[in-house]
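Residue numbers (this note's numbering), protein chains in the order written: chain A, 1 to 275; chain B, 1001 to 1661.
Ideal placement from N, C-alpha and C gives every residue a C-beta, glycine not left out.
Here the structure is a predicted model, which is why all the values come from computation and not from measurement.
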Amino acid sequence: MNAFATEMSAEPASVAEAVPREELLRVDNVSLSFGGVKAITDISFDILKGEIRAIIGPNGAGKTSMLNVINGFYHPQQGTITWQGKERRKMKPYEAASQGIARTFQNVALFKGMTTLDNIMSGRSLKMHRNFFWQLIWRGPAEREEIEHRKKVEEIIDFLEIQAIRKTPVGRLPYGLQKRVELGRALAMEPDLLLLDEPMAGMNLEEKEDMSRFIIDVNQEFGTTIALIEHDMGVVMDLSDRVVVLDYGKKIADGPPEDVQANQNVIDAYLGVSH
Amino acid sequence: MVGSASASSHGNDTFPKILSHNAKVFGSRTAFREKDFGIWQSWTWSEVCEEIRAFSIGLKSLGLGAGDKVAIVGANRPRLYWAMIAAQALGAVPVPVYSDSVAEEMAYVLGHAEVKFAVVEDQEQVDKLLSMSDEVPSLTNIIYDEVRGLRDYDHTHLHGYETVQEKGRQLQANDGALAGQWAEGFFGGKGSDIAVMLYTSGTTGRPKGVMLSFDNLAVSARNANVFDHLDESEEVLAYLPMAWIGDHVFSLAQAFTAGYCVNCPEGMDTIDVDRREIAPTYFFAPPRVFENMLTQIMVRMEDAGKTKRAMFDFFMNVARKVGEKILNGEEVAFGDRVLYRLGEFLVYGPLKNRMGLTRMKVGYTAGEAIGPEIFRFYRALGLNLKQLYGQTEASVYITLQPDGEIFGDTVGKPAPDVELKIADSGEVMYRSPGVFVGYFKNDEATESTKTSDGWVHTGDAGIIAENGHLKIIDRAKDVGKLNDGSLFAPKYIENKLKFFPNIKEAVAFGHERDMVAVFLNIDLTAVGSWAERNNVNYASYQELAAHPDVYSMVESHVDQVNRDLSSEPMMAGAQIKRFLILHKELDADDGELTRTQKVRRSFIADRYAPLIEALYDGSTSKHVRTEVTFEDGRKGAIEATVEIRNMETHDVGKGIQEAAE
């Protein structure tokens, strides 16, 4: 028989198990409420460096609130957040961004009138060092810096295979491509942690397959840690290393996809039982 | 005749030899460009030589040797072109394969060719090859260009292009004599060695591996360069499938022999932009591409403001009147000449710039007949667009239209060194230095195609007109007879129909039947744009195709074709009596078209047998259910009731009168 066939079709070597991963972010006993409404109650979990972590749960379970807490948009009333080993104080989203947390949104939030290139370029703004004065003079350092950033942006465009829409205003693009541009803008920040809020929502099968491929590639090629919220269970089970399940603002399960899938609490939450 | 004086090569008879010659003569000229990261990256001839040498030595260290076959799978990229030369330098034979063909088709070709190595573009192709390793037991090593997604694969038999090159460079650094030995290796090669194996897409049966020698390609390429005065200053865009003989000759054989620059686009979707940026001087495209460019312009002009449209219409009329005469160097009135100049400034120039054809010296179209209207449009703009007739088995060139002798309905005179004759059966036959060596592992087919004294059956029926130009009527085996004995040439009828922008595909039936009847596909872009302008609502191709107004519009086109046919005594008996518009677009995924978008007649006849029956039993509509394959490979079915219309025919001769009016 063909030695080539057997050797080459072997599953990719799983590096994940071998090296114990470092903790990137840790959420301890976090609670968040809006007036009388408790969005999140006493939740703890961690995100390890280099993994794809999924947050799932039925509608209204507090998933997006959780992401908002992580990227500093909401500050929890109780509990602590530890980011790269240091406990985090109350902060603004842009501070979180400059510390290396990038995100995409459930509804696309791009600058519709600007081109794909400019949108992704805007993701580099935190990395621009020359001040307003230099930008005005332009020639020299600011120009050189822009060329550097453009190079990085072009790498992302190449990576996401959106060369053909480089100069197209994003408002004219189909939804699936807009989502891809949004991912590109988040990547332009070269984040340590990338938060994706329903990256596949509203996509057809082909677009979903493409997006899944990009998420895996981002994780593997750039080593970016990814936390994602997603409703498509097939996608979640295929992509993620570990899954945390929320229901009514509480954590009901946490672990590898296959364990979570078999967990009775999770099944109940999704199929619905009387509380 | 072989190796004529005009194409003498001074001993540079193989591409590796030509490469090292070019590296010396054109050392610092740009040989290849590829748009990557938004910028045109370029390589000079001497850089290309170094890249190829490193890769070739790397391949050798992996065990590639003389006689081995190397599959090349992917979109047009400099590295894949280089891989072909790198293989040739070791005496191995490259086998470029259509990268978009489904795994099953590809597995057959690779298995038949017994490829040992494969050089591929990216993960998609790697996965495809891995999935077929059982059908291709000869395959031992895969080399990929794009590393993305492949990091975690087992790399025992899988290598990155750069890794292989790096290995080659290291070996050269360790052993100074290696580069010399490498060159000595191919300097022993002969022009009669097999240069490449190209599998024909095959409208019937399994693909056949056409073996072409270096002499075939180099002599044909040099002849073509001389014919159109092409030199090292040309720029071409390499965007057609690498497995196709046309691309192999234009982007490799002619580029190497002339020393001109080959530009690889950024991606398949960016070709229009890339063409505008490069502005190729020598451009080849199948009629489809020219049709699409024209359709885009026309759709845009529909949306343009009044002034612009008036200006466009006025100057296009001027161009239609005198443009072609000016291009052919004929006498034109002074006033018209001035108007044409003004038009060049206001309309033609900007249009050509938009299409990226500003610098085009010579353009060719072939593969299918081009609509006379479309052809005339480009020529009227002052673009030297010409037609050629060729085949894989001929290393492309059989006939070419010489400058100034352009006729819409003929494909030109025999190319340099080509002998042409029409067999008693009406089949076109040729003999030339480009004639292929044989089909790989298929002596039977070789013998039935190529006579012992070197004449090749083209499989096309044609006539040589009084002016010495060849006119192709149809595939020889497709030409049939109606029951009343009239000649029935389906392709001829279909092409006449397809010249209408609204009609995308046509399939004619009539052999051994009482009358001619056709299946039609409407063109969704053209008819869709018409629907938009006329407030016709539709949700799908199927719905638009069945619309009564669309039927009426198409009916008038069919009537026009009948009128044309009636003016030609030979064809008048084959006027269309009945037609229908198919409820789905013919698609290569369903096997209805070949990968090069040619209709597979017999397959369609089987698949739509009930509809054909309905065409001939007089019924006015028919309900059908057709299985379709979606892009992700799943199957489904669509159902529809298809309307069938009857047509009036015209008397012979009456059409001539009207055409003359």
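Contact check, residue i vs residue j, beta carbons under 7 Å
i	j	result
B:K1208	B:T1200	yes
B:N1673	B:W1045	Residue 1673 of chain B lies beyond the residue range present for chain B, which begins at 1001 and ends at 1661; the question has no answer from this structure.
B:F1055	B:Q1165	yes
B:R1359	B:T1270	no
A:H149	A:R124	yes
B:V1093	B:L1110	no
B:G1091	B:A1066	yes
A:P93	A:L32	no
Interface flag, residue i vs chain A, CB-CB below 7 Å
i	result
B:P1016	no
B:D1269	yes
B:F1499	no
B:F1032	no
B:E1105	no
B:G1038	yes
B:G1329	no
B:M1001	Note that B:M1001 scores 36 on pLDDT, short of 50, meaning its location in the model is unreliable and no value can be drawn from it.
B:G1633	no
B:G1259	no
Euclidean distance between Cα positions of residue i and residue j
i	j	result
A:S14	A:D46	The predicted model places A:S14 with a pLDDT of 45, which falls under 50 and marks its position as unreliable; any figure quoted below should be read in that light. Distance between the alpha carbons of A:S14 and A:D46: 21 Å.
B:K1471	B:L1487	16 Å
B:G1408	B:L1381	16 Å
B:S1220	B:G1438	17 Å
B:E1277	B:G1356	7 Å
A:G249	A:L194	22 Å
B:Q1657	B:E1373	Caution applies to B:Q1657, whose pLDDT of 43 falls short of 50 and renders its modelled position unreliable; the value that the coordinates give is listed next. The straight-line gap from Cα to Cα measures roughly 21 Å.
B:P1265	B:E1235	13 Å
B:S1452	B:F1227	29 Å
B:I1245	B:A1574	34 Å
B:S1448	B:G1434	18 Å
B:A1238	A:E23	49 Å
B:K1116	A:D232	42 Å
B:R1533	B:A1304	13 Å
B:G1180	B:K1024	15 Å
A:V153	B:D1122	21 Å
B:M1429	B:G1485	26 Å
B:A1659	A:S212	The pLDDT assigned to B:A1659 is 39, lower than 50, so where the model puts this residue is not dependable; a value taken from the coordinates is nonetheless given after this. Computed Cα separation, rounded: 60 Å.
Residue i, enclosing alpha helix (DSSP H) - first and last residue
i	result
B:I1406	Neither: B:I1406 is in no alpha helix (DSSP H) and is coded neither H nor E.
A:I252	Run containing A:I252: none in the alpha helix (DSSP H); it sits in the beta strand (DSSP E), K250 to G255.
A:Y270	Q264 to L271
B:I1493	P1490 to K1498
B:N1646	First-last for B:N1646: K1635 to N1646, but that is the beta strand (DSSP E), not the alpha helix (DSSP H).
B:E1184	L1178 to F1187
B:R1033	Premise fails: B:R1033 lies in the beta strand (DSSP E), T1030 to D1036, not in any alpha helix (DSSP H).
A:E206	L205 to D217
B:G1111	A1103 to A1113
Test: residue i CB closer than 7 Å to a CB of chain B
i	result
A:E154	yes
A:A18	Confidence is the limiting factor: at A:A18 the pLDDT is only 49, short of 50, which leaves the residue's position unreliable, though a coordinate-based value still follows. Chain B, which has no Cβ nearer than 7 Å to the Cβ of A:A18, makes this no.
A:Q163	yes
A:D232	no
A:D217	yes
A:D158	yes
A:A5	Residue confidence for A:A5 is low, a pLDDT of 47 falling below 50, so the modelled location carries little weight and cannot support an answer.
N-terminal and C-terminal residue of the beta strand (DSSP E) that residue i is part of
i	result
B:Q1041	I1039 to T1044
A:Q78	Q78 to W83
B:I1463	V1456 to I1464
B:F1283	Y1282 to F1284
CB contact below 7 Å: residue i versus chain C
i	result
B:E1266	The displayed structure is made up of protein chains A and B, and chain C is not among them.
> Does the stretch 1143–1161 of chain B come within contact of the stretch 254–262 of chain A, defined as at least 3 CB pairs closer than 8 Å?
Replying inline: No, they do not touch.
> Is the stretch 34–45 of chain A close to the stretch 221–240 of chain A, with three or more CB pairs under 8 Å?
Replying inline: Segments in contact, no.
> Does the count of Cβ pairs from the stretch 1416–1424 of chain B and the stretch 1453–1470 of chain B closer than 8 Å reach three?
Replying inline: At 8 Å Cβ cutoff, the stretches touch.
> Is the stretch 55–75 of chain A touching the stretch 88–97 of chain A, taking contact as three or more C-beta pairs under 8 Å?
Replying inline: Yes, they touch.
> Would the stretch 1254–1261 of chain B and the stretch 1068–1077 of chain B be scored as touching if the rule is three or more Cβ pairs under 8 Å?
Replying inline: No, the stretch 1254–1261 of chain B does not touch the stretch 1068–1077 of chain B.
> Does the count of Cβ pairs from the stretch 1587–1594 of chain B and the stretch 1524–1533 of chain B closer than 8 Å reach three?
Replying inline: Contact fails between the stretch 1587–1594 of chain B and the stretch 1524–1533 of chain B, because fewer than three Cβ pairs, one in each stretch, are under 8 Å apart.
> Taking contact to mean at least 3 C-beta pairs separated by less than 8 Å, is the stretch 1605–1623 of chain B in contact with the stretch 1540–1551 of chain B?
Replying inline: By the Cβ test, the stretch 1605–1623 of chain B is not in contact with the stretch 1540–1551 of chain B, since fewer than three Cβ pairs between them sit closer than 8 Å.
>> I want to know whether the stretch 1306–1325 of chain B touches the stretch 1390–1399 of chain B - three or more CB-CB distances under 8 Å.
In response: Flag = no, the stretch 1306–1325 of chain B and the stretch 1390–1399 of chain B do not touch.
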